[in-house]
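> In order, the protein sequences belong to chains A and B.
Everything in the first sequence is counted per UniProt numbering, starting at 1 for the first residue and increasing by one.
Everything in the second sequence is counted per UniProt numbering, starting at 1 for the first residue and increasing by one.
2 protein chains.
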Amino acid sequence: MKIGVIGSGALGLYYGAMLQRGGQDVRFLLRRDFAAVRAHGLRVQSVDGDFHLESVAGAREASELGEVDLVLVGLKTFANHRLVELVRPLVGENTAILTLQNGLGNEQLLAGAFGAQRVLGGIAFLCANRGKPGTVLHLGQGNIRLGEFAGGLSPRAEAIAEMFRACGVGCEAVADLLRARWEKLVWNVPFNGLCALTGKDVTELLEHPPTRQQVCALMLEVVAGANAQGLSSPVPAEFVERMLSFTDGMDHYRPSMMIDRLEGRPLELEAIYGIPLQQAAARGVEMVRVRMLHALLALGEPGR
Amino acid sequence: MKIGVIGSGALGLYYGAMLQRGGQDVRFLLRRDFAAVRAHGLRVQSVDGDFHLESVAGAREASELGEVDLVLVGLKTFANHRLVELVRPLVGENTAILTLQNGLGNEQLLAGAFGAQRVLGGIAFLCANRGKPGTVLHLGQGNIRLGEFAGGLSPRAEAIAEMFRACGVGCEAVADLLRARWEKLVWNVPFNGLCALTGKDVTELLEHPPTRQQVCALMLEVVAGANAQGLSSPVPAEFVERMLSFTDGMDHYRPSMMIDRLEGRPLELEAIYGIPLQQAAARGVEMVRVRMLHALLALGEPGR
Numbered sequence: 001m002k003i004g005v006i007g008s009g010a011l012g013l014y015y016g017a018m019l020q021r022g023g024q025d026v027r028f029l030l031r032r033d034f035a036a037v038r039a040h041g042l043r044v045q046s047v048d049g050d051f052h053l054e055s056v057a058g059a060r061e062a063s064e065l066g067e068v069d070l071v072l073v074g075l076k077t078f079a080n081h082r083l084v085e086l087v088r089p090l091v092g093e094n095t096a097i098l099t100l101q102n103g104l105g106n107e108q109l110l111a112g113a114f115g116a117q118r119v120l121g122g123i124a125f126l127c128a129n130r131g132k133p134g135t136v137l138h139l140g141q142g143n144i145r146l147g148e149f150a151g152g153l154s155p156r157a158e159a160i161a162e163m164f165r166a167c168g169v170g171c172e173a174v175a176d177l178l179r180a181r182w183e184k185l186v187w188n189v190p191f192n193g194l195c196a197l198t199g200k201d202v203t204e205l206l207e208h209p210p211t212r213q214q215v216c217a218l219m220l221e222v223v224a225g226a227n228a229q230g231l232s233s234p235v236p237a238e239f240v241e242r243m244l245s246f247t248d249g250m251d252h253y254r255p256s257m258m259i260d261r262l263e264g265r266p267l268e269l270e271a272i273y274g275i276p277l278q279q280a281a282a283r284g285v286e287m288v289r290v291r292m293l294h295a296l297l298a299l300g301e302p303g304r
Numbered sequence: 001m002k003i004g005v006i007g008s009g010a011l012g013l014y015y016g017a018m019l020q021r022g023g024q025d026v027r028f029l030l031r032r033d034f035a036a037v038r039a040h041g042l043r044v045q046s047v048d049g050d051f052h053l054e055s056v057a058g059a060r061e062a063s064e065l066g067e068v069d070l071v072l073v074g075l076k077t078f079a080n081h082r083l084v085e086l087v088r089p090l091v092g093e094n095t096a097i098l099t100l101q102n103g104l105g106n107e108q109l110l111a112g113a114f115g116a117q118r119v120l121g122g123i124a125f126l127c128a129n130r131g132k133p134g135t136v137l138h139l140g141q142g143n144i145r146l147g148e149f150a151g152g153l154s155p156r157a158e159a160i161a162e163m164f165r166a167c168g169v170g171c172e173a174v175a176d177l178l179r180a181r182w183e184k185l186v187w188n189v190p191f192n193g194l195c196a197l198t199g200k201d202v203t204e205l206l207e208h209p210p211t212r213q214q215v216c217a218l219m220l221e222v223v224a225g226a227n228a229q230g231l232s233s234p235v236p237a238e239f240v241e242r243m244l245s246f247t248d249g250m251d252h253y254r255p256s257m258m259i260d261r262l263e264g265r266p267l268e269l270e271a272i273y274g275i276p277l278q279q280a281a282a283r284g285v286e287m288v289r290v291r292m293l294h295a296l297l298a299l300g301e302p303g304r
């Protein structure tokens with residue numbers, strides 16, 4: 001399958017590399033890593049074993065990538081004003097577009113430009129950071145849950161999931177993408193924001209009982225917001241306990257938003273806070289602590 | 001009147017200097033400023049006009065100050081474990097103790113050691129910071145409201161208030177000290193904590209509409225906590241509007257807690273957050289945003 005990766009940060013580089021290693025025909029839109037990848041290929045330092053791809057197809061301009069069967073979107077959502085123009089040159093008659101971006105609103109944006117029938121979304125539970133140019137660090141996890149933007153299970157979604165699995169990436173096709181997106185927000189909302197705001201990692205947050213309690217309270221607010229959206233089945237309260245245990249197993253992980261703040265980049269506030277707050281409020285759920293966290297994060301944005 | 005100042009930070013130095021300038025016999029317990037004050041006296045740079053006291057009585061040890069008629073307490077509450085031992089050498093048969101410290105719990109501590117009948121509390125609306133040693137910067141405001149810990153208006157409280165006024169400090173004796181303390185918390189809880197947490201000043205918080213809204217919501221939580229305490233009369237909701245306008249008039253003021261955090265000192269978390277949260281919860285009011293702010297501030301404390 002011809003696959004084009006738009007947004008080659010840690011997530012795009014990692015999954016693209018796994019797919020290429022598994023035999024797929026992958027090409028990357030590169031910016032920071034262009035020169036390093038051209039000269040030395042792409043190195044993956046992974047908890048599952050390091051590997052190196054000597055020859056990697058990459059370009060600085062989307063127009064040089066050509067049409068593909070599948071566009072894999074890993075762009076940071078704060079760059080979404082450029083998303084449609086970056087994806088457009090890769091889209092042919094039968095191209096599908098899978099966004100693995102964070103939060104809400106990404107499928108809607110792609111569907112508006114390219115039609116809902118092309119669009120799939122996926123939720124990646126991936127702990128990865130960028131290393132030096134040409135290197136991506138895979139620290140743990142990595143499973144994907146993906147589904148059709150239009151809803152329901154499709155042969156296409158099943159086929160893409162099977163392809164990921166064949167390349168060594170745990171992947172499951174789900175019928176209710178919106179539910180999966182909100183489940184991911186149960187993790188992203190507390191940890192991305194609190195780590196970015198306080199400069200502390202997930203372990204530091206969870207080992208301090210008062211902030212552990214706040215993480216839990218934030219998660220319960222997101223569960224309430226989720227369960228007002230008319231999902232196929234409600235997210236159970238025990239899901240919060242599962243997310244806490246899951247995170248207890250991470251050793252001082254720094255979420256991407258924390259690294260974005262430390263390195264002076266903008267934060268993915270609309271996708272992870274702004275749109276979820278709107279969607280919850282539209283169904284009568286006011287997420288009090290989430291709104292406070294959003295306000296405090298927005299205060300620290302450069303060029304606000 | 002013989003007056004001893006325990007805790008000569010910005011607040012203790014400023015009021016002590018005003019009282020000495022007005023003719024009172026003031027002596028200071030000094031630490032950081034001892035050498036500078038001994039050599040050059042005490043300089044007050046004030047929005048109401050600068051002045052300089054050439055000869056200032058100060059000591060490094062409380063035992064050198066002697067007994068006084070009035071102990072003025074300006075100690076940071078995070079040093080309250082030393083409060084009683086510092087005050088004791090100044091207390092004679094008829095000594096009154098007035099604490100101008102922040103938050104809740106200070107009068108109780110003094111009453112436990114010296115008897116409730118000796119203790120008064122005061123709320124200072126003062127914008128002041130320490131300058132270089134021997135200098136205090138008075139940036140604005142400065143009025144005091146004081147009252148008996150035991151409640152009610154007393155001739156003693158009226159006399160102390162009159163003394164402050166005679167020395168150029170606006171001062172009012174109030175019958176319900178607890179109400180005045182909670183009113184001050186309506187300001188301290190949002191501004192001290194949010195400025196310390198985010199590194200932004202009061203003007204930056206108020207000019208960003210989402211954080212202005214959070215300031216307002218935090219204030220309303222404190223008003224609800226206050227009005228559960230059986231005060232002589234409830235704090236009206238309009239009090240919040242008044243505090244916001246009052247703060248709009250401050251030009252990029254940095255509250256003391258923000259400066260404490262920036263300079264690596266501990267924060268006054270128990271007096272301003274911990275005890276008020278307990279007192280509110282004991283009367284059935286859960287201050288949700290205040291608790292979140294407290295948890296995030298505590299996370300950043302050194303040596304937690």
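Ideal Cβ positions, reconstructed from N, Cα and C, are used throughout, including at glycine.
Values in this document were obtained by computation on a predicted structure and should not be read as measured data.
Should V68 of chain A and K132 of chain A be called a contact, given that it needs their Cβ atoms to be closer than 7 angstroms?
Cβ atoms of V68 of chain A and K132 of chain A: not closer than 7 angstroms.
> State the Cα-Cα distance for the pair V235 of chain B and T247 of chain A, rounded to the nearest angstrom.
Each residue's alpha carbon lies about 43 angstroms from the other.
> Below 8 angstroms, how does it come out for the segment 108-122 of chain B and the segment 143-152 of chain B: are there three or more Cβ pairs, yes or no?
These segments touch.
> Let's test the definition: count the other Cβ atoms within 10 Å of the Cβ of G92 of chain B and tell me whether it reaches 16, buried, or not, exposed.
Exposed.
> Please report the residue range of the alpha helix (DSSP H) in which S256 of chain B lies.
Start and end: 256-262.
> Just how far apart, CA to CA, sit G140 of chain A and H252 of chain A?
If you take the alpha carbons of G140 of chain A and H252 of chain A, they lie about 12 angstroms apart.
> So, is the C-beta of H40 of chain B closer than 7 angstroms to a C-beta in chain A?
So no, H40 of chain B is outside the interface.
> Excluding the 5 residues flanking F51 of chain B on each side, which residues of the same chain have their C-beta closer than 7 angstroms to its C-beta?
These residues qualify, in order along the chain: R21, V44.
> Taking DSSP's pairing of strands, which residues face H52 of chain B in a bridge?
H52 of chain B pairs with B:R43.
> Along the chain, where does the beta strand (DSSP E) that runs through N143 of chain A open and close?
Start and end: 135-148.
> Considering just the uninterrupted stretch of the alpha helix (DSSP H) at N80 of chain A, what are its terminal residues?
Per DSSP, N80 of chain A belongs to no alpha helix (DSSP H) and is neither H nor E.
> So the beta strand (DSSP E) R21 of chain B belongs to, where does it begin and stop?
Counting along the chain, R21 of chain B falls outside any beta strand (DSSP E), though it belongs to the alpha helix (DSSP H) covering 10-21.
> List, in chain order, every chain A residue whose beta-carbon is nearer than 8 angstroms to that of A295 of chain B.
Ordered by position in chain A, the residues that pass the 8 angstroms Cβ test against A295 of chain B are H208, P210, T211, Q213, Q214.
> Using a Cβ cut-off of 8 angstroms, pull out every chain B residue sitting near R289 of chain A, in sequence order please.
Result: V288, R289, M292.
> Please state whether the Cβ-Cβ distance between P255 of chain B and M219 of chain B is less than 7 angstroms.
Against a cut-off of 7 angstroms, the Cβ pair of M219 of chain B and P255 of chain B comes out as no contact.
> Do M18 of chain A and G168 of chain A count as a contact pair if the criterion is CB distance below 7 angstroms?
Yes.
> For C127 of chain B, I'd like the list of residues in its chain whose CB is within less than 6 angstroms of its CB, leaving aside the five on either flank, ordered along the chain.
So the qualifying residues of the chain are L139, G140, Q141, Y253.
> For K184 of chain B, name the three-state secondary structure that DSSP assigns.
Helix, per DSSP.
> Please report whether the beta-carbon of A159 of chain B lies at a distance below 7 angstroms from any beta-carbon of chain A.
Not an interface residue.
> Can you have a look at G230 of chain B and say buried or exposed, based on whether 16 or more other CB atoms are within 10 angstroms of its CB?
Answer is exposed; the Cβ neighbour count stays below 16.
> If contacts are defined as beta-carbon pairs under 8 angstroms, then Q100 of chain B and V73 of chain B qualify, I think. What distance do you get, rounded to the angstrom?
One detail in the question is off: residue 100 of chain B reads as Leu in this sequence, not Gln. Confirmed, about 6 angstroms.
> Residues in the same chain with beta-carbon distance under 6 angstroms from N129 of chain A, minus the five sequence neighbours each way, listed in chain order, please.
Within the same chain, N129 of chain A has close Cβ partners A10, L137.
> Which residue comes first and which comes last in the beta strand (DSSP E) that contains I272 of chain B?
Unbroken run through I272 of chain B: none, as it is neither H nor E.
> Pull up the CB-CB distance for L29 of chain B and I6 of chain B, whole angstroms please, since I reckon it's below 8 angstroms.
With a Cβ gap of about 5 angstroms, L29 of chain B and I6 of chain B count as contacting.
> Return the CA-CA distance between L86 of chain A and E286 of chain A, expressed in angstroms with no decimal places.
Spanning the two alpha carbons is a distance of roughly 35 angstroms.
> In the DSSP assignment, the beta strand (DSSP E) including R242 of chain B goes from what residue to what residue?
Where R242 of chain B is concerned, there is no enclosing beta strand (DSSP E), although the alpha helix (DSSP H) it sits in stretches over 238-248.
> On a Cα-Cα basis, can you pick out the residue from B:V288, B:P276, B:R291, B:R289 that is closest to G105 of chain B?
The shortest Cα separation from G105 of chain B among B:V288, B:P276, B:R291, B:R289 belongs to B:P276.
> Is the beta carbon of V26 of chain B less than 7 angstroms from the beta carbon of G16 of chain B?
Yes, the Cβ-Cβ distance between V26 of chain B and G16 of chain B is below 7 angstroms.
> From the beta carbon of L109 of chain B, is the nearest beta carbon of chain A less than 7 angstroms away?
Chain A contact via Cβ: absent.
> Could you name the residues of the same chain whose beta carbon sits closer than 7 angstroms to that of V223 of chain A, not counting the 5 residues immediately before and after it, in chain order?
Excluding positions up to five away in sequence, the list reads V186, V235, A237, F239, V240.
> Take A113 of chain A and list the residues in its own chain whose beta-carbon comes closer than 7 angstroms to its own, dropping the five residues that flank it on each side.
For A113 of chain A, where only same-chain residues beyond five positions count, the Cβ hits under 7 angstroms are V84.
> Return the CA-CA distance between A96 of chain A and A159 of chain A, expressed in angstroms with no decimal places.
For A96 of chain A and A159 of chain A, the distance between alpha carbons rounds to 12 angstroms.
> When DSSP builds the beta bridges, which residues end up paired with C167 of chain B?
Answer by DSSP bridge pairing: none, since C167 of chain B is not bridged.
> For A271 of chain A, would you say it is in contact with chain B, using Cβ-to-Cβ distances shorter than 7 angstroms as the test?
Answer no: the Cβ-Cβ gap between A271 of chain A and chain B never drops below 7 angstroms.
> Can you grab the Cα-Cα spacing for the pair E268 of chain A / W182 of chain A, in whole Å?
If you take the alpha carbons of E268 of chain A and W182 of chain A, they lie about 16 angstroms apart.
> What residues from chain A crowd round R200 of chain B, counting only those whose CB sits closer than 9 angstroms?
Checking the sequence shown, residue 200 of chain B turns out to be Lys, not Arg. Here the neighbours are L299, G300.
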